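According to this note's numbering, the sequence shown is numbered sequentially starting from 161. The structure appears below as structure tokens.
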Amino acid sequence: QPRRITATVFFSDLVGFTPIAEKFTPSELMDWLNVYMEAMSKEIFSNQGVVDKYMGDAIMALFGVPFGSDTEEGIALNARNAVIAALGMSAQLKLLNPIWQEQGLPTVGMRVGIFTGSLVAGSVGGADRMEYTVIGDAVNTAARLESYDKTYGVEDGGCRILIGKATKDYLGDAFVLKDVGMVNLKGKSEGVAIYQVMGFRQGSGLT
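Now the structure itself:
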């Protein structure tokens with residue numbers, strides 16, 4: 161049955177993937193992409209996330225599905241898990257890029273957008289195929305955070321992680337955050353307060 165839940169939505173995408181993909185043969189592209197996807201997916205799964213879908217080089221993941229959480233503690237745990245997964249993916253990318261460079265393969269940067277909010281979860285589709293998914297403003301906002309100012313914070317093959325205030329308010333002081341300010345996101349009538357996750361705070365016990 162469809163239900164309304166509070167959960168955290170996660171989007172990631174590679175920087176400059178299209179010109180990179182054009183340099184590969186089809187088999188090389190799939191081999192390269194599968195190495196990337198396997199490393200990134202492990203970080204999501206190990207932090208209690210669920211991959212909703214793969215879209216080319218992009219990943220949509222959910223933290224807090226299928227049932228969401230009825231408690232502030234549970235919602236906060238899901239938000240923290242999403243950020244921990246993103247930092248884990250950043251660490252994986254730092255390991256993969258030098259390996260690819262040694263192999264003469266392209267190196268990449270990555271963008272991540274994370275937002276916590278109310279969602280409707282359920283199955284959509286037709287008689288031949290049904291698919292579990294979530295619908296709501298939190299999905300759109302997370303996607304817009306990922307794609308915001310695509311060149312900001314992704315220099316030198318890095319990973320830029322942007323979160324909304326709705327997620328930030330659940331994180332406590334375990335992470336180092338940079339206040340990016342109020343920004344206008346496509347499709348949003350009002351400005352959104354966003355923050356860049358810089359890493360774990362020393363002494364947080366999460367490193």
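Glycine included, C-beta positions come from ideal geometry on N, C-alpha and C. As the structure is a computational prediction, the values presented were derived from the model and not from experiment.
Sequence ranges, alpha helix (DSSP H) only - wholly within the segment 295 to 340, length at least 4: Every alpha helix (DSSP H) stretch that sits fully inside the segment 295 to 340 and reaches 4 residues is listed by chain position as 297 to 307, 325 to 328.
Span separating the alpha-carbon of Ile118 from that of Glu188: Because the chain here runs from 161 to 367, residue 118 falls outside it and cannot be looked at.
Just confirm the distance between the C-beta atoms of Thr327 and Phe275, as a whole number of angstroms; I'd bet it's less than 8 Å. A Cβ-Cβ separation of about 6 Å places Thr327 in contact with Phe275 under the 8 Å criterion.
Could you tell me which residues DSSP pairs with Gln356 in its beta bridges? Leu322, Lys338
For Ile156, which residues of its own chain have a beta-carbon under 6 Å away from its beta-carbon, when the five flanking residues on both sides are left out? Residue coverage of the chain in this structure runs from 161 to 367, which leaves residue 156 outside it and unanswerable.
Should the segment 291 to 307 be regarded as contacting the segment 184 to 202, the criterion being three or more beta carbon pairs within less than 8 Å? no
Which residues in the same chain have their Cβ closer than 8 Å to the Cβ of Gly224, if we skip the five residues on either side of it in sequence? Cβ neighbours of Gly224 beyond the five flanking positions: Ile165, Thr166, Ala167, Thr168, Gly234, Ile235, Asn238.
Helix, strand or coil at Leu247 according to DSSP, with G and I counted as helix: Three-state result, Leu247: helix.
Below 6 Å CB to CB, which residues in the same chain sit around Leu345 once its five sequence neighbours on both sides are set aside? Answer for Leu345: Arg304, Val352, listed in chain order.
Comparing C-alpha positions only, which one of Phe335, Gly347, Ala302 sits nearest to Asp173? Ala302
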